[in-house]
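In my numbering, the protein residues as written are 46 to 239. Down below is the structure, laid out as structure tokens.
Set out below in structure tokens:
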């Protein structure tokens, strides 16, 4: 770039800073093609390259009063294109991270909700099965679930340890039978769906 171009740039910049639209148009016409080629090399997409160049010229116009450009204008404009490209790349990374977070968060949330609902339904079903036990069998089963030993249950319910063992064993057999039926129905439904 020779001194005449540098002087011309400085003249155009002074006029631009004063709000001269003709100076802006002259800068646009002089550098738009070079900036577009550079932007296209960065993004390899015609529309994105055009958007980047447009954003740079909008920035130049909006910040015209604050611009302090010493030296040739073209290197400054290239730098603006490069910064816009880097900002766009960073923005895309943030969007991708957010999309992944939302996608995984929703999937995990649905899994959590589904498992919570399934757990509640299973507990409800187990409660209904236990409610079908005899009074003593139900008491023994619930006390076993609280972690009491056979001896502690026998003392609390005033039963023999052998009776507690028998009632506990019978309650487990009934639960296994009921749960086996549920599992068979569950897998039958799954097989029908696929």
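The beta-carbon is built from N, C-alpha and C at its ideal position, and this holds for glycine as well.
Can the beta-carbon of residue 219 be found closer than 8 Å to that of residue 185? Taking 8 Å as the Cβ cut-off, residue 219 and residue 185 do not qualify as a contacting pair.
So, with DSSP's three-state summary, where would you put residue 117? DSSP, reduced to helix, strand and coil, places residue 117 outside both helices and strands of the structure shown, so it counts as coil.
Tell me which same chain residues have a C-beta within less than 6 Å of the C-beta of residue 88, skipping the five on either side of it? Around residue 88: 94.
Give the straight-line distance between the Cα atoms of residue 217 and residue 164, rounded to the nearest whole angstrom. Their Cα atoms are separated by approximately 19 Å.
Between residue 155 and residue 145, what straight-line distance do the alpha-carbon atoms span, to the nearest angstrom? Reliability of the predicted coordinates at residue 155 is poor, the pLDDT of 48 falling under 50, and no value is obtained from them.
Per-residue DSSP class, three states only, for residue 77: Helix, per DSSP.
For residue 129, count neighbouring Cβ atoms within 10 angstroms of its own Cβ and tell me buried if that reaches 16, exposed if not. A buried status is given to residue 129, since no fewer than 16 other beta-carbon atoms sit within 10 Å of its beta-carbon.
Residue 80 beta carbon less than 8 Å from that of residue 122: Contact: yes.
So residue 118 and residue 58 are in contact, right, with Cβ under 8 Å, and what is the actual spacing, rounded? Between residue 58 and residue 118 the Cβ distance is about 7 Å, and since that is below 8 Å, they are a contact.
Where residue 72 falls, given that 16 or more other Cβ within 10 Å makes a residue buried: Residue 72 should be labelled buried.
Which first and last residues belong to the alpha helix (DSSP H) in which residue 190 is found? Unbroken alpha helix (DSSP H) run through residue 190: 180-190.
Sequence-distant residues of its chain with Cβ nearer than 8 Å to residue 187 (five each side left out): Excluding the 5 residues flanking it on each side, residue 187 has same chain C-beta neighbours closer than 8 Å at 175, in chain order.
Burial state of residue 91 (16 or more Cβ within 10 Å): Counting of Cβ neighbours within 10 angstroms places residue 91 among the exposed residues, the total staying below 16.
Any idea what DSSP makes of residue 205, helix, strand or coil? Under the three-state reduction of DSSP, residue 205 is assigned to coil, being neither helix nor strand.
By a C-beta neighbour count over all protein chains shown, 10 Å radius and 16 as the cutoff for buried, is residue 212 buried or exposed? Result: buried.
Using a threshold of 8 Å, state whether the C-beta atoms of residue 78 and residue 97 are closer than that. The Cβ-Cβ distance between residue 78 and residue 97 does not fall below 8 Å.
Is the beta carbon of residue 101 less than 8 Å from the beta carbon of residue 125? Yes, the Cβ-Cβ distance between residue 101 and residue 125 is below 8 Å.
Can you give the Cα-Cα distance for residue 66 and residue 108, rounded to whole angstroms? The alpha-carbon atoms of residue 66 and residue 108 are separated by roughly 14 Å.
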